[in-house]
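Each remark here refers to the structure printed beneath this line.
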């Protein structure tokens, strides 16, 4: 059970602005409809990762998707593009897209506050895989797609052998994986199929592994 700690006048806490600013503040007064605080001083924001990571994630069921957004945000992903693929199990009605994105963005904001990130990951509105690929066609960066049937190219080896890039776009499929046709579509747009080893990982675990490996090899992890 989570313990709720109620703040009182005189208590200090951190405030985070919309552009990543952080301040040390103190509670001045607490009323039924408002809380007044005084900002004591600005805090030094942590430096951003040297690599910008975009995660393209096939939409998962509610709880795994929330968990994925939370953990990849903590690991330093910058953008998250949810998309529908041929084997996507979770269904979202188009009129509920805006509500779902607000929820996902709230998860990302909470994760940023928890781990001290200057800015939360930006979560985009869901789209189809073909539409997503069209939108990413002009991106100049390393593009990889995790594919469980890839046997010759591992993500770790690719990162070690390639010249460091400032941006990486990683794509992860749904619970049932990508179809062969979808892999052909991603190859056509410059994505390199890679594996993360011999283990069969859940989709949300695979996404976290992808982000962690990129941050370890090219970013600020470890």
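Numbering (the numbering used here), first residue to last: 1 to 222. Glycine included, C-beta positions come from ideal geometry on N, C-alpha and C. It should be emphasised that the depicted structure is a prediction, and the values quoted were computed from it without experimental measurement.
Q: List the residues that DSSP assigns as beta-bridge partners of residue 144.
A: Within the chain shown, residue 144 is the residue found at index 144, counting from 1. 170, 192.
Q) Does the beta-carbon distance from residue 196 to residue 153 come in below 8 Å? A) On the chain shown, residue 196 is found 196 positions in, with the first residue counted as 1. On the chain shown, residue 153 is found 153 positions in, with the first residue counted as 1. The answer is no: Cβ separation not under 8 Å.
Q) Under a Cβ-count criterion, where at least 16 other Cβ atoms within 10 Å of its own Cβ denotes burial, should residue 114 be classed as buried or exposed? A) Numbered from its first residue, the chain shown carries residue 114 at position 114. By the 10 Å Cβ count, residue 114 comes out exposed.
Q | Stretch pair the region 159 to 177 + the region 81 to 96: three plus CB contacts closer than 8 Å | A | yes
Q. Does the pairing of the region 101 to 116 with the region 147 to 166 give three or more beta-carbon distances under 8 Å?
A. By the Cβ rule, the region 101 to 116 does not count as touching the region 147 to 166, because fewer than three pairs are nearer than 8 Å.
Q. Residue 119: which of 48, 26, 221 sits nearest, CA to CA?
A. On the chain shown, residue 119 is found 119 positions in, with the first residue counted as 1. Checking every option, the nearest Cα to that of residue 119 belongs to 48.
Q: Could you check what DSSP says for residue 107 in three-state terms: helix, strand or coil?
A: For the purposes of this step, residue 107 is identified with residue 107 of the chain shown, where counting begins at 1. DSSP places residue 107 in helix when its eight states are reduced to three.
Q | Residue from 199, 130, 50, 96 with nearest C-alpha to residue 183 | A | Taking the chain shown and counting its residues from 1, one reaches residue 183 at position 183. Per the Cα distances, 130.
Q: Decide if residue 160 is buried, meaning its Cβ has at least 16 other Cβ atoms within 10 Å, or exposed.
A: Position 160 of the chain shown, counted from the first residue, corresponds to residue 160. Residue 160 should be labelled exposed.
Q) Alpha carbon to alpha carbon, how far is residue 189 from residue 55? A) Here residue 189 corresponds to residue number 189 of the chain shown, with the count starting at 1. Here residue 55 corresponds to residue number 55 of the chain shown, with the count starting at 1. For residue 189 and residue 55, the distance between alpha carbons rounds to 16 Å.
Q. Which partner residues does residue 53 have in the DSSP bridge list?
A. Against the chain shown, residue 53 aligns to sequence position 53. DSSP output for residue 53 lists 168 as bridge partner(s).
**Q.** Residue range of the alpha helix (DSSP H) that includes residue 131
**A.** In the chain shown, residue 131 corresponds to position 131, counting from 1. First-last of the alpha helix (DSSP H) with residue 131: 129 to 136.
Q) What does a CB cutoff of less than 8 Å around residue 40 pick up in its chain, not counting 5 residues either side in sequence? A) What you label residue 40 is simply residue 40 of the chain shown in a count that begins at 1. Cβ within range, chain order: 12, 23, 24, 25, 26.
Q: Would you kindly work out how many angstroms separate the C-alpha atoms of residue 220 and residue 212, rounded to a whole number?
A: Position 220 of the chain shown holds residue 220. Position 212 of the chain shown holds residue 212. The C-alpha of residue 220 lies about 10 Å from the C-alpha of residue 212.
**Q.** As assigned by DSSP and simplified to three states, the class of residue 29
**A.** On the chain shown, position 29 is the one that residue 29 refers to. Three-state DSSP puts residue 29 in a strand.
(Q) Since residue 101 and residue 125 should fall inside the 8 Å C-beta cutoff, what is the C-beta to C-beta distance between them, to a whole number of angstroms? (A) Within the chain shown, numbered from 1, the residue matching residue 101 stands at position 101. Within the chain shown, numbered from 1, the residue matching residue 125 stands at position 125. Indeed they touch by this definition, with Cβ atoms about 5 Å apart.
(Q) Under DSSP, the beta strand (DSSP E) around residue 63 begins and ends at which residues? (A) In the chain shown, counting from the first residue as 1, residue 63 sits at position 63. That residue, residue 63, is in no beta strand (DSSP E); its alpha helix (DSSP H) goes 62 to 75.
Q: Might you give, ordered along the chain, the residues of its own chain that have their beta carbon closer than 6 Å to the beta carbon of residue 224, omitting 5 neighbours on each side?
A: Residue 224 lies beyond the residue range present for the chain, which begins at 1 and ends at 222; the question has no answer from this structure.
Q | Proximal residues to residue 68 (C-beta, below 8 Å), its chain only, five neighbours per side dropped | A | For the purposes of this step, residue 68 is taken as the residue at position 68 of the chain shown. These residues qualify, in order along the chain: 57, 60, 203, 204, 207, 208.
(Q) Give me, in chain order, the residues of the same chain whose beta-carbon lies closer than 6 Å to that of residue 164; leave out the 5 immediate sequence neighbours on both sides. (A) Along the chain shown, one-based indexing puts residue 164 at 164. The residues are 218.
Q: Return the first residue and the last residue of the alpha helix (DSSP H) that residue 155 is part of.
A: Here residue 155 corresponds to residue number 155 of the chain shown, with the count starting at 1. If you look at residue 155, you'll find it in the alpha helix (DSSP H) that goes 155 to 161.
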